[in-house]
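Position one of the sequence shown corresponds to residue 24 (the numbering used here), numbered consecutively onward.
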Amino acid sequence: MNHAAVPLPASSVSDMRNMQQAAGYNNSPQQYSGMMMYSPHVLLQPLESGNTRFSIGLWKNDPPDIVELICFLPNGITIILDASSQSTIRDIKAEIVRQGKQGIMGYLIKDACDYQLYGISNFNIDPFTDETKRLCEVQPYFGILNLGARTDATHFSSDYELTKMVNNMIGKTFDQHSTQHASPEIDEFRRKMTTVCETIELERSQYTWHHRLLYEHPLRLAASREMPELIRQRHPAHHFLIVVKNENDHSTFTLSVMEQDTPLSLIESTLQKMNRSQMKINDRVTDYVLKVSGRDEYLFGDHPLIQFLYIQEMLSESAVPNVVLQLVIRLDSYINHHNERNMGLKLPQKKERPPQPVVKLRTTSLYDLGNYFQLTLHSISNVNYDRTRAFKVGLHVGLFHGEHKLCSQRSLDAPNDGAKIFQFNDQVIDFDIQMRNLPRMTRLCIVIYEVSKMSRSKKSSNNKDSSLKDVSYNKNPLAWVNTTIFDFKDHLRMGRQTLYTWTYADDIQSDEVFHPLGTVEPNPRAEECALVDITFHSSWAEAVTYPTESAVSQYAEERARAHHRDRQMSENQPPLRDLRELLSSYTGLDKIYEMVDQDRNAIWERRYDIVREYPEELSILLHCVCWNERDDVADIWYLLSRWPLISIERSLELLDYAYPDPAVRRFAIKCLHYLKDEELLLYLLQLVQAIKHESYLESDLVVFLLERALRNQRIGHYFFWHLRSEMQTPSMQTRFGLLLEVYLKGCKQHVAPLRKQLQVLEKLKQGSVIAKKGSKEKVRHMLQEFLQDQHSRGVFQNIQNPLNPSFRCSGVTPDKCKVMDSKMRPLWVVFENADQTSSDVYIIFKNGDDLRQDMLTLQMLRVMDQLWKREGMDFRMNIYNCISMEQRLGMIEVVRHAETIANIQKEKGMFSATSPFKKGSLFSWLKEHNKPSDKLNKAINEFTLSCAGYCVATYVLGVADRHSDNIMVKRNGQLFHIDFGHILGHFKEKFGVRRERVPFVLTHDFVYVINKGCNDREAKEFCHFQELCERAFLVLRKHGCLILSLFSMMISTGLPELSSEKDLNYLRETLVLDYTEEKAREHFRQKFSEALANSWKTSLNWASHNFSKNNKQ
24 MNHAAVPLPA SSVSDMRNMQ QAAGYNNSPQ QYSGMMMYSP HVLLQPLESG
74 NTRFSIGLWK NDPPDIVELI CFLPNGITII LDASSQSTIR DIKAEIVRQG
124 KQGIMGYLIK DACDYQLYGI SNFNIDPFTD ETKRLCEVQP YFGILNLGAR
174 TDATHFSSDY ELTKMVNNMI GKTFDQHSTQ HASPEIDEFR RKMTTVCETI
224 ELERSQYTWH HRLLYEHPLR LAASREMPEL IRQRHPAHHF LIVVKNENDH
274 STFTLSVMEQ DTPLSLIEST LQKMNRSQMK INDRVTDYVL KVSGRDEYLF
324 GDHPLIQFLY IQEMLSESAV PNVVLQLVIR LDSYINHHNE RNMGLKLPQK
374 KERPPQPVVK LRTTSLYDLG NYFQLTLHSI SNVNYDRTRA FKVGLHVGLF
424 HGEHKLCSQR SLDAPNDGAK IFQFNDQVID FDIQMRNLPR MTRLCIVIYE
474 VSKMSRSKKS SNNKDSSLKD VSYNKNPLAW VNTTIFDFKD HLRMGRQTLY
524 TWTYADDIQS DEVFHPLGTV EPNPRAEECA LVDITFHSSW AEAVTYPTES
574 AVSQYAEERA RAHHRDRQMS ENQPPLRDLR ELLSSYTGLD KIYEMVDQDR
624 NAIWERRYDI VREYPEELSI LLHCVCWNER DDVADIWYLL SRWPLISIER
674 SLELLDYAYP DPAVRRFAIK CLHYLKDEEL LLYLLQLVQA IKHESYLESD
724 LVVFLLERAL RNQRIGHYFF WHLRSEMQTP SMQTRFGLLL EVYLKGCKQH
774 VAPLRKQLQV LEKLKQGSVI AKKGSKEKVR HMLQEFLQDQ HSRGVFQNIQ
824 NPLNPSFRCS GVTPDKCKVM DSKMRPLWVV FENADQTSSD VYIIFKNGDD
874 LRQDMLTLQM LRVMDQLWKR EGMDFRMNIY NCISMEQRLG MIEVVRHAET
924 IANIQKEKGM FSATSPFKKG SLFSWLKEHN KPSDKLNKAI NEFTLSCAGY
974 CVATYVLGVA DRHSDNIMVK RNGQLFHIDF GHILGHFKEK FGVRRERVPF
1024 VLTHDFVYVI NKGCNDREAK EFCHFQELCE RAFLVLRKHG CLILSLFSMM
1074 ISTGLPELSS EKDLNYLRET LVLDYTEEKA REHFRQKFSE ALANSWKTSL
1124 NWASHNFSKN NKQ
């Protein structure tokens, strides 16, 4: 479209400026980097005729077809737009944004959903909030419109606009997928989750500003109100210092506070000091709130200061906590709360939806059916197999509950006659399990295989079926598919269905043929995958349903009464002592999977005693249930409805892949409702991954996580990113995409900050592409130019750090950014802290590395750290933040003032290949950075504690590929590990030889530091270090079931080194849960001695590593 620049009269310029300022814009020269926007104001006008200019009586008569509109843009440009009087406000806004982006300084224009249109009506400047209205209905005076920022990002002008923005945030894959794969289950999920969201939204609308602050910036609190013993040892007088800065005049006060002082009492003491020094007498305690210096974290409420985790973290580091005294009226939470009230925004109302029409179907209960389960196999098609070698294609078919077979599998072959479709002639498959014995979560699992004379797949079946042991031919699995035999409404599936299969992932390290823990979602790439055509038998006139909970409970109650009658009549009542001894063989151990039938039957017989006397042993009892027996399943459902609550650790165990039963998982969630927010954050990664093991979109786990995320924005932040990071995984697009959709729509105030983070993500992705295009110095210069560009600068303003949303950044510092040396060329990015009195925020942005395993390992290190602290041991673990944001893309927190062991050794060893053998290099480096001697002693203590913690943690977790470039030391002495690409004993090999031959890293230069500059392995300092390691190991062993459970919840979730039950064997071997404590201690001592004796091999590996690489940044 052609445009002509036309100057406006000065009076019009003044009117426009006033209107834009009233709509929330201050288009001053300073706002746009010194560019003058109004001298004179520029008008871009299409060269078209036939339009109707504005006149006083324009809207009094029948409006013309075309109206000339004057539109003010936020970048200071004005355009003339010819619009139909029947056009909606939404369409006009979209056209204004489109033309604005194409015009002068169009890079300053954001997306249409970031703006509202304002107009003059009744002598006021009002936003047009209902964008479905037509231009002739809103009748803007003078035909003037202003494209202005939203006054409140939580209120969208239409559901359409919100849906569009949400779909963009989730990703294009979901937008396309959700429209192509709609289903009754998806519709029902959206309806139910919308009700959950509306209930909580109504609850939030009643918040005071104080509650809103609590939601947006949740308190980080320890479980206990008491001072931890480790901190008390450093502060025996029960008081500590805290620095308070007054935000108004930047005056600073240092106060001594007692253990039980609260934020209010600290504010009161600060005001008293201020009043004495500044003669202020009008300030009230309730006018202020305490904010942590450098981050958006607040200390308020009736909690002792020592209970706040920030205070504990600072005191643990022997640092003085710094807080800011901030006026309440300056809080965003306070301002937004009162703006909403003053603007008269309509509060959400509880929507009374008409009840869903109830279609009464005649149904038959599954419990009434005694015939055996059957299905008919018609054909398989679109199979990708080796046509030259395979002479037939076939199927394995099985019924599973979790990973356990419910009955014998069936196998069928179809000859290779050259056709694209393999016919099975409507063959009926009979399974040796009665219909009434099918558990609720039964899965039908199918594997397509080819039969050939030579295996070309490492996934050759090792099945026990004799037909698979043919020495001449191999059955090589090609594809798999799972489906539930009951739908989401508890109805048995009936009729003909096509199943869309998945191929075996190359990195899944499992010899199993069936994949029962895999998704039940159909493969969305229907044109690329093999298809299986089957029919679920429908020989009953009515629909077959699984009985309701009440029906099952009634059935089980009759059995329970009969059981009690039999026991009362029996003269030989076994004593509880026998049960205790029997359970002790499995309590806290990982031998449940090896339980013999005799013990299983004996424990099941005493199930009513267990619920009464030993409720914590629920998991043991669950392993005694015969899930292919209706009576056993009914009994356990009945018992669970009466089971007392159990501990959080034992509840988490019930959410792994081994417990698919809905009643079991519902009971686990019932227990987890008592989980505090900080504890939930600790386990959130596993809980989100456990959603993958759910058979249906709606589950108790999904509702639980959604509700907690909607009530705590910090939980919501990580909930969003854990889901969003896997949206490129086809099997998760529907499940995770729908959850993201309902979360964002149910929490509109969180949309804007998350969207800003996604925009930053896209910019950094562009920057990482630049980083791969040349030499290090060249790309560094190119990256800095890219970040300084006007198109980029605005994206980085006022964002929350995705790694930790408590840190707000005001922009990026291009001069400090660089491209790192690693293979994938990660970006070293430095953000300015929005709090100018605090230090910058440093992150590493990685594009090309899978950070999910790093996230898991770091999270497990946090769990271990918490377990140790509960036992009174602080190993000074330095566990940095890491987050996966998309497939093979994410961020890592930079630990400041730290160096790799390699760089320290090179620096102190004159860059020689033998520097790793020079035992004094690390000690010399610490001495250099810690003067005088008391500071050095403190650094050595930090090193000793952290070295002990990481030695034990890396041993238990089987962290592999340890070399001098992924072990670092801070200047204060804290040692820590980075880069966790290999865990659970997946050690690297070269020419078939394992490169790492020690249980954990304990080199001679580490010993030299621990012993304060001597190499005597009998020194008291080293003996103390060994004792610390032993105590740390025994604590982890004590909580071994929790560690195993957290890893079990991650099985078959996509991590290559955690794909099956066998991957947990390494943990079982290191934790030795079946040993006595004394035997376990002796076992660890042997490993400790082995690490020490072979430390020269580690040094040799490091010398080779240092020689081949020069990693000095």
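C-beta: ideal position from N, C-alpha, C; glycine also.
Using three-state DSSP, classify residue i as helix, strand or coil.
i, result
"Y357", "helix"
"V687", "helix"
"Y527", "coil"
"R731", "helix"
"S798", "coil"
"D149", "strand"
"G541", "coil"
"M216", "helix"
If contacts are defined as beta-carbon pairs under 8 Å, then residue i and residue j qualify, I think. What distance do you get, rounded to the angstrom?
i, j, result
"C905", "L874", "6 Å"
"R653", "N460", "5 Å"
"L104", "L140", "Between L140 and L104 the Cβ distance is about 11 Å, and since that is not below 8 Å, they are no contact."
"Y661", "A585", "Not really, about 13 Å apart at Cβ, beyond 8 Å."
"V266", "L158", "Between L158 and V266 the Cβ distance is about 58 Å, and since that is not below 8 Å, they are no contact."
"M188", "C136", "5 Å"
Shortest alpha-carbon distance to residue i belongs to which of the options?
i, options, result
"M1139", "T411, I254, Y395, L389", "In this structure the chain extends from 24 to 1136, so residue 1139 is not present and cannot be described."
"D409", "F898, E473, E581, S228", "E473"
"V634", "E652, L959, E221, I659", "I659"
"A553", "R318, I358, N405", "N405"
"L322", "I290, V343, S341, I352", "I290"
"K929", "L945, H646, N448", "L945"
"P500", "F511, S475, I127, I103", "S475"
"T526", "I119, N546, M1073", "N546"
"L968", "C1052, F830, V1024, G981", "C1052"
"H773", "K799, F759, H740", "H740"
"P286", "V687, S607, V346, N298", "V346"
"L332", "R803, E701, F1045, R466", "E701"
"P828", "F898, T757, E909, E916", "E916"
"K156", "D272, I115, G166", "I115"
Exposed or buried, residue i, counting other C-beta atoms within 10 Å across all chains shown (16 or more means buried)?
i, result
"K443", "exposed"
"R1017", "Confidence at R1017 is low in this model, with a pLDDT of 49, below 50, so the placement of that residue is unreliable and no value is reported for it."
"D325", "exposed"
"A1103", "buried"
"A245", "buried"
"A1116", "exposed"
"N147", "exposed"
"S13", "Any question about residue 13 goes unanswered here, given that the chain covers just 24 to 1136."
"A794", "buried"
"A657", "buried"
Considering just the uninterrupted stretch of the alpha helix (DSSP H) at residue i, what are its terminal residues?
i, result
"S1068", "1063–1071"
"Q1159", "This structure cannot speak to residue 1159, because the chain is shown only from 24 to 1136."
"Q789", "774–793"
"W563", "Where W563 is concerned, there is no enclosing alpha helix (DSSP H), given that its DSSP letter is neither H nor E."
"I103", "Run containing I103: none in the alpha helix (DSSP H); it sits in the beta strand (DSSP E), 101–107."
"Q20", "Since the displayed the chain opens at 24 and closes at 1136, residue 20 lies outside it and no answer follows."
"F276", "Where F276 is concerned, there is no enclosing alpha helix (DSSP H), although the beta strand (DSSP E) it sits in stretches over 275–281."
Can you tell me where the beta strand (DSSP E) with residue i in it begins and where it stops?
i, result
"Q450", "444–457"
"N497", "497–507"
"H696", "No beta strand (DSSP E) contains H696, which DSSP labels as neither H nor E."
"M914", "912–916"
"K993", "990–993"
Check whether chain D comes within 8 Å of residue i, counting only Cβ atoms and requiring the distance to be less than that.
i, result
"R689", "Given the protein chain composition of this structure (a single chain), no chain D is represented."
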